[in-house]
Amino acid sequence: MSGRRNFGISYLSRDRLGAEVYLSLLSDWDLDAAFVSAAKPHLQLKMEIKPSEDSPVLEDWDIISPKDVIGSDQLQGEKRSLTSTALPFTQSLLSQMGRTLSRVQQALSWSYGEEVKPFKPPLSDAEFHSYLNGQGQLSRPEELRLRIYHGGVEPSLRKVK
């Protein structure tokens, strides 16, 4: 951002002692650091509007009327200036967040080199009997466990008698 800085953005992080602190967000590098060191599972930003040096500073106890706020052409100009300054930074911030979000989504869907097999239908009674030998004992218990893990069991086989 060039010219006067009318606002500041900071993000919540933790210091070396573990206390929560707000750190200034000034560049793309700071944004990357913000995602890496966020204090919570999400990135928490804080925006502070700073009055310019030539505008009057109002205290909490000052009483102003609506015409003081609405009728001021100088304030309208400052709003336009703030908007024109903040818009490119906001677009850059949103673009960076979008790229980071797509990277996270790609990482979560990555399968470590294994092909993802489609889910199987629940184990039926006939298929269950294929895992038994002639005496009614399990002949392939590991395969049966894996089959149940991938597809579940039909409700009729779940009954305990």
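Per numbering that gives the first Met the number 0, the very first residue in the sequence shown carries number 0; after that it's consecutive.
Backbone N, C-alpha and C define an ideal beta-carbon position, used for all residues, glycine too.
Small disclaimer: the values here were computed from a predicted structure and weren't measured.
Discussion item. Short of 8 Å in beta carbon distance, which residues of its chain neighbour R139, apart from the five on each side in sequence? Order them along the chain.
Written reply: Result list for R139: Y130, in chain order.
Worksheet item: From T89 to M46, what distance separates their C-alpha atoms?
Response: C-alpha separation (whole angstroms): 11 Å.
Fill in: Straight-line Cα distance separating L107 from I27
According to the sequence shown, residue 27 is Asp rather than Ile. Approximately 23 Å, taken between the alpha carbons.
Worksheet item: Between the C-alpha atoms of P121 and E142, what's the straight-line distance to the nearest angstrom?
Response: Rounded to the nearest angstrom, the two C-alpha atoms are 14 Å apart.
Practice prompt. Tell me whether the beta-carbon of L11 lies closer than 9 Å to the beta-carbon of Y21.
Written response: Cβ distance < 9 Å, so L11 and Y21 count as in contact.
Worksheet item: Cα separation between L156 and F127?
Response: Computed Cα separation, rounded: 9 Å.
Worksheet item: How would you label I48, buried or exposed, when you count the other beta carbons within 10 angstroms and need 16 or more for buried?
Response: Looking at its Cβ environment, which holds fewer than 16 other Cβ atoms inside 10 Å, I48 is exposed.
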